[in-house]
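Residue numbers (the working numbering): 1413 to 1528. Scroll down for the structure; my scribbles are underneath it.
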């Protein structure tokens, strides 16, 4: 595998599986490339909520905006430059704020295989 660089302009977003809201994901590296992890971008429109039981270990880096992640009775809020780790099996609610949010993520193993 060669060293590669990616930007938001390189991706095509698709609605997150099983979600009705304006929450989108775009893998840039995954099993199709022989990688052991999935790497991509997430995009949340303003004031959206995503309720999910995390099927993989998921690390989310907030690039723009702000997100709150609630699980087990507590909530963390992350802004640009901050990282949220959601362990496999966590029941979470991810909520974007008024400005929406853009994230980068890394999952292990591949989230599409685990959720599909």
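The C-beta atom is built at its ideal place from N, Cα and C for all residues, glycine as well.
From residue i to residue j, what does the alpha carbon distance come to, in whole angstroms?
| i | j | result |
| --- | --- | --- |
| residue 1508 | residue 1458 | 6 Å |
| residue 1439 | residue 1427 | 12 Å |
| residue 1483 | residue 1505 | 7 Å |
| residue 1463 | residue 1519 | 17 Å |
| residue 1517 | residue 1461 | 17 Å |
| residue 1414 | residue 1435 | 30 Å |
| residue 1444 | residue 1487 | 34 Å |
| residue 1373 | residue 1521 | This structure leaves residue 1373 out entirely; the chain is present only between 1413 and 1528. |
| residue 1496 | residue 1485 | 16 Å |
| residue 1433 | residue 1500 | 23 Å |
| residue 1456 | residue 1431 | 12 Å |
| residue 1493 | residue 1523 | 23 Å |
| residue 1491 | residue 1471 | 14 Å |
In the DSSP output, which residue or residues are listed as bridge partners for residue i?
| i | result |
| --- | --- |
| residue 1515 | 1454, 1474 |
| residue 1436 | 1427, 1455 |
| residue 1497 | 1471 |
| residue 1479 | 1490, 1508 |
Whose C-alpha, out of the options, is nearest the C-alpha of residue i?
| i | options | result |
| --- | --- | --- |
| residue 1422 | 1434, 1441, 1429 | 1441 |
| residue 1503 | 1449, 1417, 1469, 1443 | 1469 |
| residue 1418 | 1431, 1432, 1451 | 1451 |
| residue 1454 | 1446, 1488, 1416, 1429 | 1429 |
| residue 1447 | 1465, 1416, 1424 | 1416 |
| residue 1424 | 1432, 1433, 1437 | 1437 |
Exercise for the section: Spell out a yes or no on whether the segment 1513-1521 and the segment 1462-1475 are touching, meaning 3 or more CB-CB pairs, one atom from each, closer than 8 Å. Expected result: yes
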